[in-house]
Amino acid sequence: MIPYGRQDIQQSDIDAVLQVLQSDFLTQGPVVPRFEQAVANHVGAKYAVAVNSATSALHIACLSLGLGADDWLWTSPITFVASANCGLYCGAKVDFVDIDSRTYNLCPKALEAKLEQAEREGKLPKVVVAVHLCGQPCDMQAIHALSQRYGFHIIEDASHAIGGKYQDEFIGNGRYSDITVFSFHPVKIITTAEGGMALTNDEQLANRMNLLRSHGVTRDPALMTQDPDGPWYYQQVDLGFNYRMTELQAALGLSQLERLDGYVASRHRLARRYDDLLAELPITTPWQHPESHSGLHLYVIRLRLDKISQTHRQVFEALREQGVGVNLHYIPVHTQPYYQRMGFVAGAFPNAEQYYAEAISLPMFPTMTEAQQDEVVEVVRQAVGAA
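Numbering (full-length UniProt numbering), first residue to last: 1 to 387.
Pasting the structure below:
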């Protein structure tokens, strides 16, 4: 089976992790801060907070922005559930904005229309989570302009997008957002096995997230309510969580980060080759916005179902039966049973639902060979009846 994604672990990664295993610190040592600084330097952000998952990063990002009961968080329906769940973790209410039919990201025009209505109803969002699906950044300049007008905070869910660029600057630099979140899950562009990171240019937000990731406990006398009882003293000054990243994960991440630009370049080479090889088939290949340079975590095709005799499911199952490990990113969040119990119904976000009815993620990972890619293309050709 050719998987849709696969981590690339090299000897340098193993050596980096082994060095930590033989050191004095397996957690809360010097490697996590080094990893944070390296990522911040790479993307051009001032502060970085490493955590055990991108979900944890989204959660503490929302909390640091003051999201709570009676507030609203808006995001895209085409994302993993974590992009919406992070609002629920804070006691907030969640709603969605339909996607742009070309980029598959949150549509700025749909956002503007929804904001106009929400302002009339007194239901403006406190936070908008802009998801960079497949690694292609949202139209952040347009979303930021709306945030200035309507007064909401922006979190970039860049779980797919480290190494990508928007307007020739690295995603994560915070030009158009309060906080950016990266994921280091094994199938993402670089991995720490599990892990995530939140980046910001706001020192107060960074300090708040640092506190929240580690039980709300501090050893900094400046944050305490009284003088320390002694050198052993710490205080819990907030209700936090055990969201810390280990030294082992950070060592792997530092090693992987050295190959980040090469990984993204390999993904672009594979994407260009897919574009050429699939051009004559009854499918729609990914469209790239001219102001973006996608991290290309995923290569999503859409079936032109009016041009083929098979159903979406039949094509998907045929690909898997022939050893092509396709996937589907994602099931619209508002159609999940948990969200439908909140009152969301099918038909609410038509572009998202049409995307779901046609989308298939093809295998793409940096170590993929041309022979593997040729095999995928041939199986796709057969599956859509174009052999």
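Glycine residues also receive a C-beta, built at the ideal position from the N, C-alpha and C atoms.
| Query | Result |
| --- | --- |
| Cβ contact (3+ pairs, closer than 8 Å) linking the segment 42 to 62 and the segment 177 to 197 | yes |
| Runs of alpha helix (DSSP H) wholly within the segment 135 to 199 (minimum 4 residues, chain order) | 140 to 150 |
| At least 3 beta-carbon pairs within less than 8 Å: the segment 359 to 376 vs the segment 319 to 337 | yes |
| Residue from Ile331, His329, Asn41, Gln314 with nearest C-alpha to Ala383 | Gln314 |
| Bridge partners - Asp95, DSSP secondary structure assignment | Trp74 |
| Local Cβ density within 10 Å of Asp261, reported as buried at 16 or more and exposed below that | exposed |
| Nearest to Val326 (by Cα), restricted to the options Ala265, Val379, Cys62 | Val379 |
| Spatial distance of Ala130 from Ile154 (CA atoms) | 7 Å |
| Distance between Gly240 and Ser64 (C-alpha atoms, nearest Å) | 11 Å |
| Buried or exposed by the 16-neighbour rule on C-beta atoms within 10 Å, applied to Arg149 | exposed |
| Sequence-distant residues of the same chain with beta carbon closer than 8 Å to Leu223, five excluded per side | Leu211, Gln235, Val237 |
| Stretch pair the segment 250 to 261 + the segment 21 to 36: three plus CB contacts closer than 8 Å | yes |
| Cβ-based neighbour list, Ser147, same chain, cut-off 6 Å, excluding 5 preceding and 5 following | Ile154 |
| Cβ pair count under 8 Å reaching 3, the segment 262 to 275 against the segment 70 to 87 | no |
| Where Ala359 sits in the DSSP three-state scheme | strand |
| For Tyr47, the first and last residue of its enclosing beta strand (DSSP E) | 47 to 51 |
| Supposed close pair Ala198, Ala57 - CB separation, criterion 8 Å | 4 Å |
| Exposure label - Glu156; buried when at least 16 CB within 10 Å | buried |
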